[in-house]
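Student:
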Amino acid sequence: MFDISIIIISFNTKELTLACLKSIYKYLSGKTVFEVIVVDNNSIDGSQQGIEAFAGKNDNVRFIETGSNLGFAKANNAGICAASGRQILLLNSDTYLIDDSILMAMQYLDGQHDVFGCGCTLLNADLTVGISYGMFPEFLTVLRECLEGCLGKYRAMKPQKPGCIYDIDMPCGAFFLIKKELLEKTGYLDEQFFMYSEEPDLAKRAKKLGYRTVYFGLTRLVHLGGQSSMPKPVDTAAGKNVLEVKKIFYQSWERYLVKYHSRLYAFAVKTLFLSYCYYYYFVFRLKKNNEAVLNFLPEILALKAGWGNKADFSGNNS
27 MFDISIIIIS FNTKELTLAC LKSIYKYLSG KTVFEVIVVD NNSIDGSQQG
77 IEAFAGKNDN VRFIETGSNL GFAKANNAGI CAASGRQILL LNSDTYLIDD
127 SILMAMQYLD GQHDVFGCGC TLLNADLTVG ISYGMFPEFL TVLRECLEGC
177 LGKYRAMKPQ KPGCIYDIDM PCGAFFLIKK ELLEKTGYLD EQFFMYSEEP
227 DLAKRAKKLG YRTVYFGLTR LVHLGGQSSM PKPVDTAAGK NVLEVKKIFY
277 QSWERYLVKY HSRLYAFAVK TLFLSYCYYY YFVFRLKKNN EAVLNFLPEI
327 LALKAGWGNK ADFSGNNS
């Protein structure tokens with residue numbers, strides 16, 4: 027059995043995926059017994075050939091080709107089913123290690139019987155601290171953030187505290203280290219979520235069973251952010267433009283809210299957040315701040331188009 031199975035979803039991120047793989051082998055080889063499972067969601071940028079070449083030169087790299095874009099949850103589940111590690115690390119392809127501090131997170135998780143999983147300190151490309159975790163995206167969270175925004179004190183999440191360890195609702199999905207035995211109890215990722223909202227859903231299920239999710243700030247790595255979901259010339263999965271990606275985000279969010287609350291609750295959250303977006307859209311139009319207007323307009327369009335409408339999450343929508 028491996029100490030850890032690292033699962034990476036590849037989707038048209040060939041160079042980033044290879045950089046991620048190289049960093050794993052650079053910092054973890056000889057320090058822990060690990061395997062890497064790369065699940066490719068039918069990339070068309072040559073990812074398959076690049077990953078197979080890397081696997082041919084390095085031990086314990088498993089490559090799974092899905093044949094179609096299964097989405098984030100289903101592809102990760104394929105990797106989890108193939109994994110034999112005591113711990114599972116769901117790792118984005120647009121991340122890379124800068125040291126071996128992941129070993130501390132593994133050791134911590136082994137010593138905590140009531141901890142389901144943990145996130146880490148995610149760094150931006152310039153090594154500044156990025157968003158590493160968040161609160162469950164529910165009514166009170168949205169209300170607080172809207173009020174903070176209207177008062178000019180908006181912050182997306184509570185300030186991160188690198189080097190500290192404390193309970194959180196959910197980590198950013200770029201890095202989620204989980205005990206395999208507890209994952210068997212909660213169930214794997216909900217495949218009804220094609221992309222987005224998988225992390226709060228999984229962490230919510232763990233919490234309902236009495237397990238904690240933790241921010242382990244001593245572990246750090248770089249997260250470039252959004253590289254596999256943002257449209258590219260070869261991108262056929264998430265949609266053809268940023269608006270389509272945002273629509274999927276809001277559809278997944280709605281699905282999460284309905285799953286744990288009700289359609290009425292989801293409607294209340296939508297109304298609150300849409301009102302907030304409209305407020306700032308018109309404020310910035312009056313101030314003739316076109317850049318800010320263009321930030322809120324896609325949110326409004328995507329929220330209105332995506333929420334309450336069923337979508338083809340397969341990525342084949344025309």
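Residue numbers (my numbering): 27 to 344.
We put the beta carbon where it would ideally sit given N, CA and C, even for glycine.
1. Determine the direct distance from the alpha carbon of Val284 to that of Tyr291, and round the result to whole angstroms.
2. Would you kindly report the start and end of the unbroken alpha helix (DSSP H) that includes Leu290?
3. May I ask which residues mark the beginning and end of the beta strand (DSSP E) holding Ile326?
4. Pull up the CB-CB distance for Leu300 and Cys146, whole angstroms please, since I reckon it's below 8 Å.
5. Name the two residues that bound the continuous alpha helix (DSSP H) containing Gln133.
6. Pull the bridge partners of Ser36 from the DSSP assignment, please.
7. Just to confirm before moving on: does the CB-CB distance between Val295 and Glu164 stay below 9 Å?
8. At a cut of 8 Å, does the region 220 to 240 reach the region 123 to 130 through at least three beta carbon pairs?
9. Indicate whether the contact test is met: 3 or more Cβ pairs, each with one atom in the region 69 to 82 and one in the region 97 to 105, closer than 8 Å.
10. Which residue wins for smallest C-alpha separation from Ser94, given the options Tyr159, Phe37, Met196?
11. Once the 5 residues before and after Lys330 are set aside, which same chain residues still bring their CB inside 8 Å of it?
12. In angstroms, rounded to a whole number, what distance separates the CA positions of Asp140 and Tyr134?
13. Three or more beta-carbon pairs under 8 Å between the region 71 to 86 and the region 160 to 174, yes or no?
14. So what does DSSP say about Ala45, is it helix, strand or coil?
15. Report yes if the C-beta of Asp136 is less than 8 Å from at least one heavy atom of the ligand ZN; otherwise report no.
16. Specify, as a first and last residue, the run of the beta strand (DSSP E) that Thr245 falls within.
17. Can you list, in chain order, the residues of its chain whose CB lies under 6 Å from that of Val64, leaving out five sequence neighbours each side?
18. For the alpha helix (DSSP H) containing Asp227, name the first residue and the last one.
19. Buried or exposed: where does Gln75 fall if 16 or more other Cβ atoms within 10 Å of its Cβ makes it buried?
20. Three Cβ pairs or more, each shorter than 8 Å: is that satisfied between the region 231 to 241 and the region 207 to 219?
21. Straight-line CA distance for Leu148 to Leu169?
22. In the DSSP assignment, what residue or residues form a beta bridge with Asp193?
23. If you follow the alpha helix (DSSP H) that Leu269 is part of, which residue opens it and which one closes it?
Tutor: Checking against the coordinates, here is how it stands:
1. As a working mapping, residue 291 is identified with position 265 in the sequence shown. As a working mapping, residue 284 is identified with position 258 in the sequence shown. Computed Cα separation, rounded: 7 Å.
2. Within the sequence shown, numbered from 1, the residue matching residue 290 stands at position 264. Residues 289 to 312.
3. The residue you call residue 326 lines up with position 300 of the sequence shown. It is not in any beta strand (DSSP E) - Ile326 instead sits in the alpha helix (DSSP H) that spans 316 to 332.
4. For the purposes of this step, residue 300 is taken as residue 274 along the sequence shown, with counting starting at 1. For the purposes of this step, residue 146 is taken as residue 120 along the sequence shown, with counting starting at 1. Actually they are not in contact, since the Cβ atoms of Leu300 and Cys146 sit about 33 Å apart, beyond 8 Å.
5. Your numbering for residue 133 matches position 107 in the sequence shown. Where Gln133 is concerned, the enclosing alpha helix (DSSP H) stretches over 128 to 136.
6. Stepping through the sequence shown from its first residue, residue 36 is reached at position 10. Partner(s): Asp66.
7. Sequence index remark: in the sequence shown, residue 295 carries index 269 (1-based). Sequence index remark: in the sequence shown, residue 164 carries index 138 (1-based). With contacts defined as CB atoms closer than 9 Å, Val295 and Glu164 qualify as a contacting pair.
8. Judged by Cβ distances under 8 Å, the region 220 to 240 makes no contact with the region 123 to 130, as fewer than three pairs qualify.
9. no
10. The count along the sequence shown starts at 1 and reaches residue 94 at position 68. For Ser94, the nearest C-alpha among the options comes from Phe37.
11. For the purposes of this step, residue 330 is taken as residue 304 along the sequence shown, with counting starting at 1. Hits under 8 Å: Leu300.
12. In the sequence shown, counting from the first residue as 1, residue 140 sits at position 114. In the sequence shown, counting from the first residue as 1, residue 134 sits at position 108. Cα-Cα distance, rounded: 11 Å.
13. no
14. Taking the first residue of the sequence shown as position 1, residue 45 is located at position 19. Ala45 falls in the helix class under three-state DSSP.
15. Absent from the structure shown: the ligand ZN. Ligands present: none.
16. One-based indexing of the sequence shown puts residue 245 at position 219. Unbroken beta strand (DSSP E) run through Thr245: 238 to 249.
17. As a position in the sequence shown, residue 64 is number 38, starting the count at 1. Counting only Cβ-Cβ distances below 6 Å, and skipping sequence neighbours, we find Ile34, Ser36, Ile77, Phe89.
18. One-based indexing of the sequence shown puts residue 227 at position 201. Note, Asp227: alpha helix (DSSP H), 224 to 234.
19. Reading the sequence shown from its first residue, position 49 is the one you call residue 75. Looking at its Cβ environment, which holds fewer than 16 other Cβ atoms inside 10 Å, Gln75 is exposed.
20. The region 231 to 241 is in contact with the region 207 to 219.
21. Here residue 148 corresponds to residue number 122 of the sequence shown, with the count starting at 1. Here residue 169 corresponds to residue number 143 of the sequence shown, with the count starting at 1. Roughly 26 Å separates the two Cα atoms.
22. The residue you call residue 193 lines up with position 167 of the sequence shown. Paired residues: Val240.
23. As a working mapping, residue 269 is identified with position 243 in the sequence shown. Where Leu269 is concerned, the enclosing alpha helix (DSSP H) stretches over 268 to 286.
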